[in-house]
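Reading through the structure tokens given below for one structure.
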Amino acid sequence: MRLTSWNLLHGLAIPPDEKIDRVALLASEIALLACDVIGLQEVDLNLERSGSRNQVADVAATLGAKYWAFAPSVMGSPDEKWQKPSSNEVRVVTQASEKLAPGYGIGLVSKIPVVSWHRLELKESPIGMPMTWPVDGKMKRFYVHDHPRSAIGAVLENGWLVINTHLSFVPFFNFFQLMKIKKWANKLPVKDKAKIVIMGDLNIPFGIFVRGINWNSLASQKTFPSPMPRVQIDYFLSQKVASEDVAHIPSTHRGMSDHLSLTVEVN
């Protein structure tokens with residue numbers, strides 16, 4: 111089973127290029143991965159900035175996958191005014207959902223049949239951080255407030271539980287979010303604990319803290335920033351599978367996102 115984790119940066123080209131067809135770029139990038147399951151971070155649903163597309167469904171169509179789900183972190187665009195998902199919002203949008211309100215968050219796509227979907231709510235950090243990113247071709251610095259986070263899990267027909275998340279960028283706060291996900295993973299309906307994988311953009315550049323005592327990191331690769339990666343903040347974690355029992359497929363930057371994709375094959 112080939113697994114990929116990728117922060118898509120909503121399909122934005124890096125370096126930025128307004129002339130690029132972003133829908134075509136996303137399709138070409140995903141097709142090259144040829145994965146069975148992909149966890150997506152920073153994806154849009156019906157937002158104008160990404161062409162009002164359902165990006166998770168687009169990825170599923172490219173892979174020929176029947177099963178997908180989107181978990182909105184915020185309603186609206188994170189670049190503009192947004193709000194937390196209300197109690198009336200669909201927290202796990204799937205191919206069977208009828209309400210497709212514009213939002214931004216994470217997603218999972220699987221070629222392997224999904225038995226059940228699960229979502230864990232993660233509160234936002236009470237403080238933000240100064241961050242720098244390109245605007246109109248120049249690097250600009252902003253104070254960024256955090257937003258609510260979540261983890262989405264899929265119990266697959268083959269017995270595996272795959273969990274995807276995108277943690278806070280605030281140091282230490284993201285570590286406690288990860289601890290919560292690890293505890294949650296062991297409570298979900300999967301019989302074999304060796305078949306649990308947590309993937310995602312964890313925003314933690316220290317592997318020793320990511321692994322902790324009982325978890326293994328399945329792939330070692332610097333993933334950020336994509337043109338000249340300096341740190342690894344994207345991971346695959348397992349309690350039972352060892353890194354030597356996993357085939358890591360290295361990736362390179364081909365034009366999209368500020369993160370490199372991370373791909374492994376497990377038996």
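Count the sequence shown with the numbering used here and you get residues 111 to 377, in order.
Don't be surprised by glycine CBs; every beta carbon is placed ideally from N, CA and C.
Return yes when the Cβ of residue j is within less than 9 Å of the Cβ of residue i, no when it is not.
i, j, result
"L266", "T275", "no"
"V280", "V219", "no"
"M366", "L122", "yes"
"I306", "L271", "yes"
"A137", "T114", "no"
"F334", "D368", "yes"
"V133", "L150", "no"
"L210", "L135", "no"
"L230", "G186", "no"
"E139", "R364", "yes"
"W192", "V184", "yes"
"W325", "S348", "yes"
"L312", "Y345", "yes"
"K194", "H255", "no"
Would you mind sorting residue i into buried or exposed? The rule is 16 or more other CB atoms within 10 Å of its CB.
i, result
"P362", "For the sequence presented, residue 362 should be read as Thr rather than Pro. T362 comes out exposed."
"Y253", "exposed"
"G310", "buried"
"F285", "buried"
"D131", "exposed"
"S160", "buried"
"N377", "exposed"
"S197", "exposed"
"S260", "buried"
"N164", "buried"
"A206", "exposed"
"A141", "exposed"
"D189", "exposed"
"H146", "The question names His, but residue 146 is Asp in the sequence shown. So D146 counts as buried."
"F316", "exposed"
"N268", "exposed"
"I291", "buried"
"I148", "buried"
Report the CB separation of residue i from residue j in whole angstroms; it is logged as a contact under 8 Å.
i, j, result
"I124", "S278", "I124 to S278, Cβ: 22 Å. No contact."
"I308", "I273", "5 Å"
"E152", "L119", "5 Å"
"A89", "V351", "Outside the displayed range of the chain (111 to 377) lies residue 89, so it cannot be described from this structure."
"T204", "W227", "7 Å"
Cβ-heavy atom distance between residue i and the ligand SAM below 8 Å?
i, result
"I308", "With respect to the ligand SAM, the structure shown offers nothing to examine, as it has no ligands at all."
Any chance the region 232 to 242 sits against the region 165 to 181, with 3 or more Cβ pairs inside 8 Å?
-> Segments in contact, no.
With a cut-off of 8 Å, do at least 3 Cβ pairs link the region 289 to 302 to the region 202 to 218?
-> In the pairwise beta carbon analysis, the region 289 to 302 is classified as not touching the region 202 to 218: fewer than three pairs are separated by under 8 Å.
Any 3 or more C-beta pairs closer than 8 Å across the region 314 to 334 and the region 346 to 363 = Between the region 314 to 334 and the region 346 to 363, the count of C-beta pairs closer than 8 Å reaches three or more; the two stretches touch.
Enumerate, from N- to C-terminal direction, the unbroken alpha helix (DSSP H) stretches of 4 or more residues contained entirely within the region 312 to 352.
-> Entirely contained in the region 312 to 352, the alpha helix (DSSP H) runs reaching 4 residues are, in chain order, 317 to 321.
Please list the segments of the alpha helix (DSSP H) lying wholly inside the region 159 to 211, counting only runs of 4 or more residues, in order along the chain.
-> Here the runs fully enclosed are 165 to 173.
Continuous beta strand (DSSP E) assignments of at least 3 residues falling wholly in the region 230 to 315 = Every unbroken stretch of the beta strand (DSSP E) spanning 3 or more residues and falling wholly within the region 230 to 315 is given here in chain order: 239 to 245, 248 to 254, 259 to 266, 271 to 276, 306 to 311.
Taking the runs of the beta strand (DSSP E) that are 3 residues or longer, which of them lie wholly in the region 128 to 164?
-> The region 128 to 164 contains these whole beta strand (DSSP E) runs: 147 to 157.
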